[in-house]
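Written below as structure tokens is the structure these notes are about.
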Ligand SMILES: [Zn+2]
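If you want it as structure tokens, here you go:
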């Protein structure tokens with residue numbers, strides 16, 4: 061194996077690749093990869109894998125093969141034409157420690173896109189006066205195509221200097237990080253494993269220490285349909301839904317009671333959030349709404365079980381229904397589609413955490429901040445079910461999942477510097493002849 065290149069040489073090689081990285085990121089963001097429309101973005105990134113000297117492969121998700129595995133989340137949609145993409149660098153005499161570099165391809169809906177300053181899928185690069193940094197706006201620019209571009213940028217810059225990793229490196233572009241994690245689960249189940257996994261989610265150059273779990277569920281309420289003439293005889297399912305929303309808000313308050321919040325989350329304001337995400341009810345302005353389905357998201361702390369949370373939710377729904385004149389006879393039903401994600405912790409003092417913290421320290425001159433997250437990421441599959449240490453370390457972002465999402469390109473460049481040193485240290489490097 062080769063000695064690691066000097067930091068100043070790495071810095072110059074990374075700077076020389078900056079325009080390439082910005083151009084590739086912009087083109088990738090243009091392929092708006094919301095649920096069900098990931099294919100073009102996947103084809104695009106497979107080409108970039110090949111461009112930097114990796115081989116690429118499309119991996120179909122076989123739902124029957126993963127539906128019994130721990131970590132699986134149930135779905136009511138299809139996986140047709142929605143592959144994961146994997147990239148390989150597999151040197152014949154692998155010497156260092158193997159590594160997965162993983163970044164989900166899916167993005168959340170940009171709606172209402174009319175509120176954006178410009179087209180969410182028409183990326184725009186702006187130097188902002190307030191912080192002097194250069195940012196790229198666009199849905200997915202930050203969450204998380206920008207982070208994924210950092211490892212591609214690092215590998216490309218190392219390649220420009222004549223270096224390749226001395227060990228096996230697997231690039232992963234899974235679908236469905238934003239709704240189930242089934243993409244990452246399928247990759248683990250198919251044997252794409254390694255000694256560590258780095259996921260550059262846009263967490264401002266911090267290192268992820270722990271994350272909450274996330275559960276999706278929906279509550280269906282049936283009312284009594286009548287013409288508005290006979291409103292008095294009808295029961296409006298939309299209005300009855302409010303009974304359940306209020307009851308679940310009370311459960312949220314109790315869940316955040318300081319007495320039950322674990323020490324690791326005591327410093328976080330309101331760590332467990334209930335979100336009322338989608339409400340679908342009624343079908344005619346002059347008909348009393350006969351059915352309403354509300355889709356919720358609820359969090360849970362690391363170490364808490366999904367089945368306990370289900371019990372608490374269902375109990376609360378039952379109790380609220382029991383004291384309602386209509387719902388006591390027509391009780392709401394609770395159904396689970398999407399995230400059934402446990403919380404998880406990452407030991408930053410293990411070999412992988414140490415190597416990453418050291419790479420950050422070498423460039424930035426201090427330890428990275430440790431992040432306690434109130435969202436989930438795909439690291440849980442690697443840490444909890446496949447014994448692969450996994451954490452997040454990625455660029456600075458603003459407004460992820462919101463209007464005018466953006467990623468700092470200057471922060472991406474800093475992350476790329478740290479990653480290039482980390483890859484060199486973890487995998488070792490070989491100089492091409
Ligand atoms: Zn993300």
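Residue numbers (this note's numbering): 61 to 493.
Even for Gly, the Cβ is constructed at its ideal location relative to N, Cα and C.
Query                                                                                                                                                                             : Result
Provide the residue span of the beta strand (DSSP E) that contains residue 466, from first to last.                                                                               : 466-468
Between the alpha carbons of residue 106 and residue 92, how many angstroms are there, rounded?                                                                                   : 16 angstroms
Just to confirm the assignment, what range does the beta strand (DSSP E) spanning residue 145 have?                                                                               : 144-149
Which whole-angstrom value is the C-beta distance of residue 274 and residue 357, which I expect to be below 8 angstroms?                                                         : 6 angstroms
Below 8 angstroms on the Cβ atoms is my contact criterion, and I expect residue 141 with residue 99 to pass it. Report the Cβ-Cβ distance as a whole number of Å.                 : 6 angstroms
Residue 311 by DSSP, collapsed to three states: which one?                                                                                                                        : helix
Compute every distance between the C-beta of residue 460 and the non-hydrogen atoms of ligand 1, then say whether any falls below 8 angstroms.                                    : yes
Under a Cβ-count criterion, where at least 16 other Cβ atoms within 10 Å of its own Cβ denotes burial, should residue 502 be classed as buried or exposed?                        : This structure does not reach residue 502, given that the chain is present from 61 up to 493, and the question cannot be answered.
Taking the alpha carbon of residue 332 as the reference point, which residue from 338, 339, 271 and 382 has its own alpha carbon closest?                                         : 271
In or out: residue 108 buried (at least 16 other Cβ within 10 Å) or exposed?                                                                                                      : buried
Whole angstroms are fine: how far does the CA of residue 196 sit from the CA of residue 172?                                                                                      : 19 angstroms
For ligand 3, any of its heavy atoms closer than 8 angstroms to the Cβ of residue 265?                                                                                            : Ligand 3 is absent from the structure shown, which contains only ligand 1.
State yes or no: is the C-beta of residue 134 within less than 9 angstroms of the C-beta of residue 396?                                                                          : yes
According to DSSP, residue 458 sits in a beta bridge with which residue or residues?                                                                                              : 466
Could you name each continuous alpha helix (DSSP H) segment of 4 residues or more that falls completely within the segment 218-305, going from the start of the chain to the end? : 242-249
For residue 221, I'd like the list of residues in its chain whose CB is within less than 8 angstroms of its CB, leaving aside the five on either flank, ordered along the chain.  : 65, 69, 70 and 73
Please classify residue 371: does DSSP put it in a helix, a strand, or coil?                                                                                                      : helix
So, helix, strand or coil for residue 195, using DSSP?                                                                                                                            : strand
Residue 437: beta carbon under 8 angstroms from a heavy atom of ligand 1?                                                                                                         : yes
Output the boundary residues of the alpha helix (DSSP H) element that contains residue 412.                                                                                       : 411-424
Would the beta-carbon of residue 374 be found less than 8 angstroms away from any heavy atom of ligand 1?                                                                         : no
Thinking C-alpha only, which one of 224, 159 and 420 is nearest residue 492?                                                                                                      : 224
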